[in-house]
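In the working numbering, the protein residues as written are 23 to 290.
Structure representation (structure tokens):
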């Protein structure tokens with residue numbers, strides 16, 4: 023299992039600084055590492071404050087291209103992103119360097135810092151292994167645009183053990199990209215305004231669904247079997263921010279899309 027965790031703060035970049043994403047990346051990295059303690063696991067944590075080597079669009083695409091070359095059909099690639107999303111869903115990959123704003127003097131965004139949805143999918147579909155993409159960013163639902171439902175279709179394969187075997191042994195499904203996003207293509211994604219160790223509302227529920235305890239900073243609950251659909255439903259039920267509009271309150275509706283089968287993450 024290879025996990026690429028991205029968490030960007032944007033301090034000094036001329037846009038709203040975010041406190042949660044770096045925490046999201048670190049804790050998700052630790053949670054997945056402990057979740058997969060029974061198989062080889064490698065994690066890459068990318069933040070925009072890395073001294074001497076800040077995250078840029080080119081650096082991320084180079085990492086992705088290099089990772090694709092090392093993957094095999096029996097591997098699993100997990101990519102998590104916490105940061106700003108542009109109105110078309112693009113990721114804003116801009117280093118947190120004072121004096122290098124992502125928004126120009128005329129109010130135009132530096133498009134060279136944007137990694138678009140189609141551009142990212144063009145990279146991910148090269149993977150010989152299954153890919154799970156999780157994005158906690160505004161307008162991230164653009165990654166699942168065109169879906170008629172936010173529930174992935176798994177009705178014909180109720181036996182998750184069978185689904186696991188089919189997914190990892192059949193060439194037909196070997197290049198599926200599974201996606202879970204914090205919100206729709208038209209809405210924002212939120213984080214608490216005041217917290218010592220904040221996580222995005224979506225990522226906080228996601229971590230809980232994985233069994234992560236934020237107080238103890240470890241995985242305290244271990245599931246013998248966990249799928250993306252089950253994880254998604256956990257987020258829907260436990261996200262502190264409403265998932266539907268209610269009385270003018272802020273809300274965000276997580277989305278999911280899979281292939282013909284649900285992706286089973288753990289099957290012990």
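All C-beta atoms, glycine included, are put in the ideal place defined by N, C-alpha and C.
Values in this document were obtained by computation on a predicted structure and should not be read as measured data.
Taking the C-beta atoms as reference points, residue 30 is found nearer than 8 Å to residue 70. By the beta-carbon neighbour count (other beta carbons within 10 angstroms, threshold 16), residue 97 is buried. When 26, 32, 42 are compared, the shortest CA-CA separation from residue 212 is found for 42.
Per DSSP, the continuous alpha helix (DSSP H) segment holding residue 257 begins and ends at 250 to 260.
DSSP places residue 203 within a strand segment (E or B) once states are collapsed to three. By the neighbour-count criterion, in which 16 or more other beta carbons inside 10 Å mark a residue as buried, residue 228 falls on the buried side. Taken in chain order, the unbroken stretches of beta strand (DSSP E) that lie wholly in the segment 47 to 75 and span 3 residues or more are 64 to 69. The residue among 260, 32, 285, 263 with its C-alpha nearest the C-alpha of residue 124 is 32. Spanning the alpha carbons of residue 68 and residue 47 requires a straight line of approximately 8 Å. For residue 87, the enclosing alpha helix (DSSP H) stretches over residues 79 to 92. The shortest C-alpha to C-alpha distance from residue 45 to any of 220, 88, 56 is the one to 220. Within the same chain, and ignoring the five residues on either side of residue 257 in sequence, the residues whose Cβ sits closer than 7 Å to its Cβ are 224, 227, 228, 231, 276. In chain order, 86 place their CB closer than 6 Å to the CB of residue 145, counting only its own chain and leaving out the 5 sequence neighbours on each side.
A check of alpha carbon separations from residue 222 across 269, 104, 28, 249 identifies 104 as the nearest.
With fewer than 16 other CB atoms across the displayed protein chains lying within 10 angstroms of its CB, residue 109 is exposed.
For residue 102, there is no enclosing alpha helix (DSSP H); the enclosing beta strand (DSSP E) has its first and last residue at 99 to 104.
Looking at the DSSP output, residue 136 shares a beta bridge with 114. Considering only 214, 131, 28, the residue with the shortest C-alpha distance to residue 37 is 131.
In chain order, 23 place their CB closer than 6 Å to the CB of residue 58, counting only its own chain and leaving out the 5 sequence neighbours on each side. The straight-line gap separating the alpha-carbon atoms of residue 286 and residue 218 is approximately 33 Å. Residue state for residue 198 is assigned as coil, using DSSP reduced to three classes. Under the DSSP definition of a beta bridge, residue 29 partners with 69, 104. Within the same chain, 290 come within 6 Å of residue 246 by CB-CB distance, once the 5 residues on both sides are set aside. According to the DSSP assignment, residue 229 belongs to the alpha helix (DSSP H) that extends over 223 to 232.
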